[in-house]
């Protein structure tokens, strides 16, 4: 991996094409990435505050702005709409340009989109802290903020269509199917649910069905497809070999499109909604094993024989960590929809552990991997410090592992005790506290890892350090060179 | 896959399928449930909220109570909700027809509140609990909502709605702690939470 063969003329032309595409993406993609990192920082501060408040209820309690019930949704919205969505949009833009094999055009549409979107996020989070939240989980932004997000997002979708029209002819790669799916599903989903829940709210518990149809689809039809698209690009690209099976990728995509969108009702098992809605969602949740296993086999078989590359490539290490977590979190999710297990885990911290396994171990790690690959190509500078990347990886990996284990074990114990009516409720609250302390500690790990990434990000934008000949690698290859 | 048209059509159809199935069908099936009048008592069920309680519903939303408290009682086979005394029966769609937004919730860091007005029917208790939860619920991790109360100097007679607080929470002599309009509305809403009436689809026995 350390010696580079002399390029042939056609390979050289390809490399120049790619460099031109990367240069054309620089401003819009970096704008989305920078804003994503900004919100990740603040979203994590809100997370730490909320987590400490759960064990120390007297902490910062005199201000309405910082009460738990506002800081917690501020965290969720800052990381879902401030961090995850702009990160996903940035990755999707770059993948689209690369896979259309054409330089990015109409950058102004994307810049306008980034400004509108971030304005919407700032207004929305301010509104939550000021007490104007809609109190609808995942859709807390009042309509005056949501409309900014919707328009900003619509710009991105329009841009993607224009880009696709101007592509160079050839195969439409699997990553693009997922990106197009996500870019259509999300605005439809976001628009329709905002209309039916916030603008003209429907009646009673129908709201809950639509609420969780959104809450699940935003994960399954927006964040998940972009992360899978990224993994489908990064893994074969970094290893320099084709994806294992074209047919498995087709199966994985269409099965996801068909089944994920039916999962939402499993958040309301036992609740005041028709049984058939619950049953349909339970079945769809179990059927999700099909796309998940198809995708897992495809990634795994592509990796077979190349696992040693995880020691050196930062982008691959983060991406594969994410892809493996996708399999784990999805199988766990299917099991949680089963009535017998749901009876225990519903309403407990187990669910919070599951959502962080999905949004952090899978989605966020995959986005970090993509950024480690994309950003050096945009700024034409390599990552200044392999140490910072390693610190980021190990803090993030151990932090999320501690968080998921403590919330999972604590959640199961909480659920088993809740199921026993002889145990007084307040005893359960007291016994759950140590697990919540562990969660705060794990959050500190994640936060420090993100600071390492933020520092790397700022340094590479400043083109700090000395110019490197090849990419910044971890492990053996890097130490030999430095 | 090289046919962009079939890709877009598939993306459109799979999503439409779920939207119709999981949103529109439930909406038309039970999105227009009406209230009814009890033959025994002549009472409208579910009882409509008073204006003050309706205002309290908004305060509940603004403080984010829903992140720790559910408002749904599951049936006997699906959890211990009834055995814990959180309700006399499972809750059904009709119980929620006046709720915008809904507060079904997904988390029980604190107990279910579907019937809190019946389980704790004293306004005084709720005010003390909101002001300093641990004084009435030892071990609770609920945050205090002191910002919903005002400390003010007693002018003339003490206010009728002043809180009776002991120990460190007690105001200095000549001062009193009174609920803000938001606190009064919130407590009115909490006291209104009583879904113990019988419905044809959810009898209480």
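Chains as they are written, first to last, in my numbering: chain A, 798 to 1279; chain B, 51 to 255.
Glycine is no exception: its CB is placed at the ideal position from the N, C-alpha and C atoms.
Since the structure is predicted, the reported quantities are computational estimates derived from the model, not experimental observations.
Query	Result
Start and end residues, alpha helix (DSSP H) containing residue 225 of chain B	Where residue 225 of chain B is concerned, there is no enclosing alpha helix (DSSP H), although the beta strand (DSSP E) it sits in stretches over 225-229.
Spatially closest choice to residue 930 of chain A from A:870, A:1038, A:945 and A:1110, by CA coordinates	A:870
Beta carbon of residue 748 of chain A nearer than 9 Å to that of residue 914 of chain A	Nothing about residue 748 of chain A can be read from this structure; chain A reaches only from 798 to 1279.
Buried versus exposed, by CB contacts within 10 Å (16 or more), residue 938 of chain A	buried
Under 9 Å by beta carbon: chain A residues contacting residue 88 of chain B	Under the 9 Å cutoff, chain A gives no residues; its nearest Cβ is about 19 Å from residue 88 of chain B.
Spatially closest choice to residue 854 of chain A from B:231, B:211, B:191 and B:206, by CA coordinates	B:191
Which of helix, strand or coil DSSP assigns to residue 931 of chain A	coil
Spatial distance of residue 964 of chain A from residue 1111 of chain A (CA atoms)	30 Å
Environment of residue 819 of chain A [buried if 16+ CB atoms lie within 10 Å]	buried
Chain-ordered neighbours of residue 1061 of chain A on chain B, where CB pairs are closer than 8 Å	72
Span of the beta strand (DSSP E) around residue 201 of chain B	199-203
Interfacial residues, the segment 145-159 of chain B to chain A, with Cβ spacing under 9 Å	145, 146, 147, 148, 149, 150, 151, 152, 153, 154, 155, 156, 157, 158 and 159
Proximity of residue 1262 of chain A and residue 1196 of chain A at Cβ, strictly below 9 Å	no
Chain-ordered residues of the segment 1060-1087 of chain A with a beta carbon less than 8 Å from chain B	1061, 1062, 1064, 1065, 1066, 1067, 1068, 1069, 1070, 1071, 1074, 1077 and 1078
Inter-residue spacing [alpha-carbon to alpha-carbon] between residue 811 of chain A and residue 1037 of chain A	15 Å
Residue 1255 of chain A burial status per 10 Å Cβ neighbour count (16 or more: buried)	exposed
Residue 105 of chain B: contacting residues in chain A (beta-carbon distance under 7 Å)	Chain A residues near residue 105 of chain B: none, gap ~13 Å exceeds 7 Å.
Member of A:897, A:1265 and A:1067 whose CA lies at the smallest distance from the CA of residue 142 of chain B	A:1067
Unbroken stretches of the beta strand (DSSP E), 3 residues or longer, contained in the segment 990-1022 of chain A	none
Proximal residues of chain B, C-beta to C-beta of residue 1048 of chain A below 9 Å	Under the 9 Å cutoff, chain B gives no residues; its nearest Cβ is about 12 Å from residue 1048 of chain A.
Contacting positions in the segment 1132-1152 of chain A - beta carbon closer than 9 Å to chain B	1136, 1139, 1140, 1141, 1143, 1144, 1145, 1146, 1148 and 1149
Close-in-space but distant-in-sequence residues of the same chain around residue 85 of chain B (CB under 7 Å, 5 per side omitted)	94, 95, 96 and 147
Cutoff 9 Å: residue 843 of chain A Cβ touching any chain B Cβ	no
Beta-carbon contacts of residue 1028 of chain A that lie in its chain and below 7 Å, excluding the five residues immediately before and after	1096, 1116, 1119, 1120 and 1163
CB contact below 9 Å: residue 855 of chain A versus chain B	yes
Per-residue DSSP class, three states only, for residue 1031 of chain A	helix
Length of the line joining the Cα atoms of residue 828 of chain A and residue 909 of chain A	11 Å
Neighbour-count burial assignment, residue 235 of chain B, 16 or more Cβ in a 10 Å radius	buried
Minimum Cβ-Cβ distance from residue 1275 of chain A to chain B less than 9 Å	With a pLDDT of 44 at residue 1275 of chain A, under the threshold of 50, the modelled position of that residue is not reliable, and the figure given next carries that caveat. Residue 1275 of chain A does not count as touching chain B.
Where residue 1006 of chain A meets chain B, residues with beta-carbon distance less than 9 Å	72, 73, 76 and 77
Counted within 10 angstroms of its Cβ, other Cβ atoms place residue 1098 of chain A as buried (16 or more) or exposed	exposed
For residue 114 of chain B and residue 245 of chain B, the rounded distance between their alpha carbons	22 Å
Cβ pair residue 1056 of chain A, residue 1087 of chain A closer than 9 Å	yes
Minimum Cβ-Cβ distance from residue 69 of chain B to chain A less than 9 Å	yes
Classification of residue 860 of chain A by the beta-carbon crowding that lies within 10 angstroms, buried from 16 upward	exposed
Residue 1271 of chain A - DSSP class collapsed to helix/strand/coil	coil
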